[in-house]
Amino acid sequence: MNSSRKRTVGMIAILAILAMVVAGVAFLVHKRQPARELKKITVAVSQTPVAAPIWIAYIQGYFTEEGLEVTLQPHTIGKVALDSMLAGKADLAMVGDTPLVYAGLQGDKFFILARYVTSDKYMKIVARKDSGILTGGDLKGRRVGFVKGTISEFYLDLHLLSQKIQRSDVRSVDLKTEEMVDALTEGKVDAVSAWPPLIETLAHKLGKNAVTLHDPTLYTMFTCIVARQDFVHSNPDSVVKFLRALKKGAAFIASHPEEALRVVKEYVGPAGAVLDSDWNIYNFDIRLGEELLVNLEDQARWAIRNQYTDKKSVPNYLNYFHQSGLEAVDPKP
22 MNSSRKRTVG
32 MIAILAILAM
42 VVAGVAFLVH
52 KRQPARELKK
62 ITVAVSQTPV
72 AAPIWIAYIQ
82 GYFTEEGLEV
92 TLQPHTIGKV
102 ALDSMLAGKA
112 DLAMVGDTPL
122 VYAGLQGDKF
132 FILARYVTSD
142 KYMKIVARKD
152 SGILTGGDLK
162 GRRVGFVKGT
172 ISEFYLDLHL
182 LSQKIQRSDV
192 RSVDLKTEEM
202 VDALTEGKVD
212 AVSAWPPLIE
222 TLAHKLGKNA
232 VTLHDPTLYT
242 MFTCIVARQD
252 FVHSNPDSVV
262 KFLRALKKGA
272 AFIASHPEEA
282 LRVVKEYVGP
292 AGAVLDSDWN
302 IYNFDIRLGE
312 ELLVNLEDQA
322 RWAIRNQYTD
332 KKSVPNYLNY
342 FHQSGLEAVD
352 PKP
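Numbering (our numbering), first residue to last: 22 to 354.
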């Protein structure tokens, strides 16, 4: 081998060794680099189907994708989740419209980041046929159960109004949520104003004796994601990341409804047994909008009229809408 060829081979060998050294150094540097730091947030959620996009986003890893380490804090209902968030035990919470009405009347410091579930089939009157109830007009003079100061009572008033029945023309029975099933099935009341999964549970227990009264034009349920105002001001990026992950969760439900239903059943627990016939009443759509504002104002007027608050005027609920986070995710109104 001539000297020129020897020099060429030697140079190639040196270059190969240098390449290996550089690759090794790059590998070591990469290993020493810390993993991406995730922002830790706690979200208070209810163990009900309306939390579905949050559970899906959690299980599918969408929060992690967005740089968030989310801890889900389970509660029985949205009102308790809201209370936890307002008390500083959680950063965000999911909650229905009615608790937000009262929180606004009380002047609590929160922002509505988005409403992400709606349903015009959420509230219904479940009644007993053997009490002589077949139509809405038959409620007159009957014992009707509801949970005072909640959407249960609000929907009852709307339903009675649609039937031109005065509230004084029914025998009102204030019940706790956990009392509703026994009260109706044991005949202590003739009808109740209820929501899922109570509606399905009552219909199943009463069987052919059950009558369900419903008018989808009376009320649309909104479930929202909310946060303390101080959290939103201090963590605007986290708000956008959370909403982006939530939107991915809603999209997954739309594209994989059967898999999403299976996940929801696991989180809801025993109540999930009735979800097969109930799953399609929910519309998962991430946005704000005038409909939610009108809903809050209508319920506030109702609460003031019934003296469930010492306030005399409806607050400006638009001041509770935080729109910039959602606009960064989706410019749709």
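By construction, the Cβ of each residue, glycine as well, lies at the ideal position given by its N, Cα and C atoms.
Between the CA atoms of residue j and residue i - distance to the nearest angstrom
| i | j | result |
| --- | --- | --- |
| Pro336 | Ser345 | 21 Å |
| Ala124 | Lys150 | 38 Å |
| Ala231 | Val64 | 37 Å |
| Ile154 | Asp258 | 53 Å |
| Leu347 | Lys226 | 42 Å |
| Val42 | Thr139 | Caution applies to Val42, whose pLDDT of 42 falls short of 50 and renders its modelled position unreliable; the value that the coordinates give is listed next. If you take the alpha carbons of Val42 and Thr139, they lie about 59 Å apart. |
| Ala72 | His96 | 11 Å |
| Leu113 | Leu314 | 20 Å |
| Ser173 | Ile220 | 12 Å |
| Tyr176 | Arg326 | 15 Å |
| Thr85 | Val191 | 52 Å |
| Asn316 | Leu309 | 12 Å |
| His254 | Gln68 | 28 Å |
| Ser334 | Glu318 | 10 Å |
| Ile80 | Ala224 | 32 Å |
| Lys286 | Leu296 | 7 Å |
| Trp300 | Phe252 | 33 Å |
| Ser105 | Ala248 | 11 Å |
| Thr198 | Ala215 | 9 Å |
| Glu207 | Gly157 | 21 Å |
| Ser276 | Glu90 | 25 Å |
| Asn256 | Lys110 | 16 Å |
| Glu58 | Glu311 | 38 Å |
| Thr203 | Ala349 | Correcting the residue type first, residue 203 is Asp in the shown sequence and not Thr. Their Cα atoms are separated by approximately 48 Å. |
Buried or exposed by the 16-neighbour rule on C-beta atoms within 10 Å, applied to residue i
| i | result |
| --- | --- |
| Gly290 | exposed |
| Gln320 | buried |
| Asp238 | It is Thr, not Asp, that sits at residue 238 in the sequence shown. The residue is exposed, with fewer than 16 neighbouring Cβ atoms inside 10 Å. |
| Arg163 | buried |
| Ala34 | Caution is warranted here: a pLDDT of 48 is assigned to Ala34, below 50, making its placement in the model unreliable, and the coordinate value is therefore given only provisionally. By the 10 Å Cβ count, Ala34 comes out exposed. |
| Asp331 | exposed |
| His343 | buried |
| Ser298 | exposed |
| Asp211 | buried |
| Asp159 | buried |
| Gly99 | buried |
| Gly228 | exposed |
| Gly270 | buried |
| Gly356 | The requested residue 356 does not occur in the structure, where the chain is confined to residues 22 to 354. |
| Gly45 | With a pLDDT of only 48 at Gly45, under 50, the local geometry of the prediction cannot be trusted, and the value read off the model is given with reservation. By the 10 Å Cβ count, Gly45 comes out exposed. |
| Arg322 | exposed |
Rounded distance between the beta-carbons of residue j and residue i, thought under 8 Å
| i | j | result |
| --- | --- | --- |
| Leu264 | Ile302 | Between Ile302 and Leu264 the Cβ distance is about 24 Å, and since that is not below 8 Å, they are no contact. |
| Val122 | Ala272 | About 29 Å separates the two Cβ atoms, so there is no contact after all. |
| Ala281 | Tyr83 | So it is not a contact: roughly 13 Å between Cβ atoms. |
| Thr244 | Tyr137 | 6 Å |
| Lys268 | Asp178 | Actually they do not touch by this definition, with Cβ atoms about 35 Å apart. |
| Phe305 | Pro120 | About 20 Å separates the two Cβ atoms, so there is no contact after all. |
Test item: CB-CB of residue i and residue j under 8 Å
| i | j | result |
| --- | --- | --- |
| Ile274 | Ala135 | no |
| Lys60 | Gly88 | yes |
| Ala108 | Val66 | no |
| Val284 | Ile77 | yes |
| Asp236 | Ser183 | yes |
| Gly117 | Met242 | yes |
| Pro70 | Pro217 | yes |
| Met115 | Tyr240 | no |
| Gln250 | Lys130 | yes |
| Leu126 | Phe167 | no |
| Leu93 | His180 | no |
| Val165 | Ser193 | yes |
| Val261 | Leu205 | no |
| Tyr341 | Phe132 | yes |
| Tyr288 | Gly170 | no |
| Lys209 | Ile186 | no |
Min CB distance residue i to chain C below 8 Å
| i | result |
| --- | --- |
| Gly346 | Note that chain C does not occur in the displayed structure, where there is just one protein chain. |
task: Enumerate, from N- to C-terminal direction, the unbroken alpha helix (DSSP H) stretches of 4 or more residues contained entirely within the segment 50-118.
output: 73-80, 83-86 and 99-107
field: Whole runs of the beta strand (DSSP E) within the segment 130-198, excluding any shorter than 3 residues
entry: 131-140, 145-149, 164-167 and 192-195
query: What are the uninterrupted segments assigned as beta strand (DSSP E) that are 3 or more residues long and contained completely in the segment 207-276, given in chain order?
result: 212-215, 231-234 and 242-249
message: Suppose only complete runs of 4+ residues qualify. What are the alpha helix (DSSP H) ranges in the segment 298-351, listed by chain order?
response: 311-326 and 345-350
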